[in-house]
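Residue numbers (the working numbering): 2 to 386. Just so it is clear, CB atoms sit at the ideal spot from N, CA and C, and this is done for glycine as well. Bear in mind the structure is a predicted one, so any value in this text is a computation, not a measurement. Everything on this sheet refers to the single structure shown next.
Dropping the structure here:
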């Protein structure tokens with residue numbers, strides 16, 4: 002049996018199914034999705050049981066799942082799915098739920114738009130549209146999701162349903178060169194970056210971290226970025242890049258997982274970067290600044306504002322302005338391999354290496370397999386492993 006995954010994440014339970022639901026990934030793995038739904042979702046409620054049965058029968062029973070092709074979206078809620086009287090009343094009550102009806106109408110319209118493209122050679126298009134409608138409606142309702150914005154293209158939906166190769170979201174997601182550089186021209190629409198949800202949590206075995214430099218073309222306006230944690234993330238993180246400025250994104254195995262922030266804080270010291278210049282301030286004291294000769298990938302101030310550490314391109318860790326640089330043992334540990342990110346929590350310095358390992362000036366703080374130092378697995382200094 003294959004691994005069921007959507008939105009770049011392995012689906013291991015109900016919460017993962019709802020968080021990472023992706024209509025096209027779902028359609029391309031209907032057999033895995035149907036088996037998963039019956040085993041892990043159908044037991045949650047009468048509503049989930051009904052939708053799981055609809056999905057399973059539409060996938061595995063073929064034309065036998067219906068007496069005749071459906072004629073309207075509401076027909077979805079009037080199928081016989083072996084429910085007891087109490088469960089059937091709970092399902093029928095959903096006929097008055099505006100969100101459910103809206104989802105059914107959206108999937109119905111998508112099926113109608115895809116039309117005959119949903120039918121395999123020799124198959125009846127009407128039956129194919131009905132089975133497609135049942136399967137995708139069940140998936141959306143099990144995930145408590147709408148189709149999302151933008152709605153999948155009918156050609157893409159049909160290709161996923163029939164397991165035919167077709168480029169997905171062509172032009173929607175910004176393609177980042179692994180270890181490369183990209184200069185973006187300003188435009189009215191933001192550039193969208195799809196983060197790899199699985200990679201955010203853990204570096205896949207055998208893969209390494211790299212950096213991609215994104216820059217806004219000089220002389221124009223600011224470039225707007227939107228970072229999505231899933232294809233249908235409704236609250237993407239937004240970042241503006243000033244003309245001529247830049248930022249770095251960490252890639253795990255060639256897939257984006259982390260945007261390096263332009264402002265960080267340690268204790269009462271707040272530090273930001275504009276171009277190659279760092280600015281920091283303590284309480285109401287005057288702002289200080291320092292200019293570096295080249296790019297700054299990642300930076301972290303000491304809590305009293307007396308110094309800072311920085312990651313430079315090529316994996317170099319700069320400790321020349323940090324008190325730890327004067328401590329041979331600590332400096333040797335921190336500089337032991339290619340650096341991707343640096344962070345300071347009080348007097349503790351953490352460095353993420355391209356291998357996914359985390360080293361510190363304290364010998365008992367370390368980790369393996371991380372893609373960023375903001376990971377929930379290592380957010381606290383309790384990450385001693």
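Residue i versus the options, residue with shortest Cα-Cα distance
| i | options | result |
| --- | --- | --- |
| residue 265 | 313, 154, 65, 300 | 300 |
| residue 367 | 249, 339, 187, 335 | 335 |
| residue 275 | 164, 245, 99, 186 | 245 |
| residue 121 | 161, 181, 214, 85 | 161 |
| residue 111 | 95, 136, 87, 91 | 136 |
| residue 211 | 67, 251, 228 | 251 |
| residue 153 | 107, 73, 97, 254 | 107 |
| residue 141 | 307, 319, 7 | 7 |
| residue 284 | 316, 294, 272 | 272 |
| residue 181 | 133, 256, 331 | 256 |
| residue 358 | 164, 240, 203 | 203 |
| residue 278 | 286, 295, 287 | 295 |
| residue 100 | 87, 74, 119, 123 | 74 |
| residue 69 | 126, 165, 34, 235 | 126 |
| residue 40 | 65, 13, 63 | 13 |
| residue 65 | 238, 289, 45, 128 | 128 |
| residue 219 | 185, 237, 248, 227 | 185 |
| residue 58 | 35, 72, 324, 44 | 35 |
| residue 20 | 86, 236, 102, 62 | 236 |
| residue 71 | 123, 138, 45, 43 | 138 |
Contact belief for residue i with residue j at Cβ below 8 Å, rounded distance in angstroms
| i | j | result |
| --- | --- | --- |
| residue 158 | residue 28 | 6 Å |
| residue 79 | residue 60 | About 20 Å separates the two Cβ atoms, so there is no contact after all. |
| residue 143 | residue 280 | Not really, about 49 Å apart at Cβ, beyond 8 Å. |
| residue 183 | residue 215 | 5 Å |
| residue 259 | residue 104 | The pair is not a contact, with the Cβ atoms about 33 Å apart (cut-off 8 Å). |
| residue 198 | residue 173 | Actually they are not in contact, since the Cβ atoms of residue 198 and residue 173 sit about 17 Å apart, beyond 8 Å. |
| residue 217 | residue 242 | 4 Å |
| residue 191 | residue 213 | That pair is no contact at about 17 Å. |
| residue 50 | residue 88 | 7 Å |
| residue 337 | residue 209 | So it is not a contact: roughly 16 Å between Cβ atoms. |
| residue 200 | residue 253 | 4 Å |
| residue 124 | residue 155 | 17 Å between Cβ atoms; not a contact. |
Buried versus exposed, by CB contacts within 10 Å (16 or more), residue i
| i | result |
| --- | --- |
| residue 361 | buried |
| residue 383 | Caution is warranted here: a pLDDT of 41 is assigned to residue 383, below 50, making its placement in the model unreliable, and the coordinate value is therefore given only provisionally. Classification for residue 383: exposed. |
| residue 53 | buried |
| residue 317 | exposed |
| residue 83 | exposed |
| residue 261 | buried |
| residue 374 | buried |
| residue 30 | buried |
| residue 340 | buried |
| residue 286 | exposed |
| residue 297 | buried |
| residue 132 | buried |
| residue 9 | buried |
Residues near residue i by beta carbon distance below 6 Å, same chain, minus five either side
| i | result |
| --- | --- |
| residue 171 | With a pLDDT of 49 at residue 171, under the threshold of 50, the modelled position of this residue cannot be trusted; read the value that follows with caution. So no residue of the chain qualifies. |
| residue 343 | 299, 301, 310, 312, 352 |
| residue 221 | 187, 244 |
| residue 146 | 22 |
| residue 37 | 5 |
| residue 291 | 279 |
| residue 239 | 227 |
| residue 293 | 277 |
Neighbourhood of residue i by C-beta, 7 Å cutoff - its chain only, sequence neighbours within 5 removed
| i | result |
| --- | --- |
| residue 4 | 11 |
| residue 169 | Any reading at residue 169 needs caution, since the residue's pLDDT is 48, under 50, leaving its predicted position unreliable; the model's value is listed next. The residues are 25, 157. |
| residue 91 | 47, 48 |
| residue 93 | 78 |
| residue 109 | 74, 134 |
| residue 96 | 75, 78 |
| residue 16 | none |
Same chain, Cβ closer than 8 Å to residue i, five either side skipped, listed in chain order
| i | result |
| --- | --- |
| residue 349 | 361, 362, 363, 366, 382 |
| residue 304 | 267, 268, 269, 270, 345, 347, 348 |
| residue 113 | 130 |
| residue 320 | 310, 326, 332, 335, 336 |
| residue 324 | 303, 307, 308 |
| residue 473 | There is no way to answer for residue 473, as the model of the chain reaches only from 2 to 386. |
* Just list the alpha helix (DSSP H) runs in the region 98–149, keeping only unbroken ones of 4 residues or longer that don't cross its boundaries, in chain order. => You should have 99–115, 126–143.
* Asked: In the region 185–266, which residue ranges form an unbroken beta strand (DSSP E) of at least 3 residues, counting only runs that do not cross its ends?
  -> The region 185–266 is shown to contain whole beta strand (DSSP E) runs of 3 or more residues at 192–195, 210–217, 224–229, 238–242, 247–253, 256–260, in chain order.
* Which residue spans inside the region 9–58 form an unbroken alpha helix (DSSP H) run of at least 4? -> For the region 9–58, whole alpha helix (DSSP H) runs of length 4 or above, ordered along the chain, are 15–20, 24–28, 31–37.
* To do: Identify every run of the alpha helix (DSSP H) within the region 313–352, keeping only runs that are complete inside it and at least 4 residues long; order them along the chain.
  => Listed in chain order, the complete alpha helix (DSSP H) runs (minimum 4 residues) inside the region 313–352 are 329–335.
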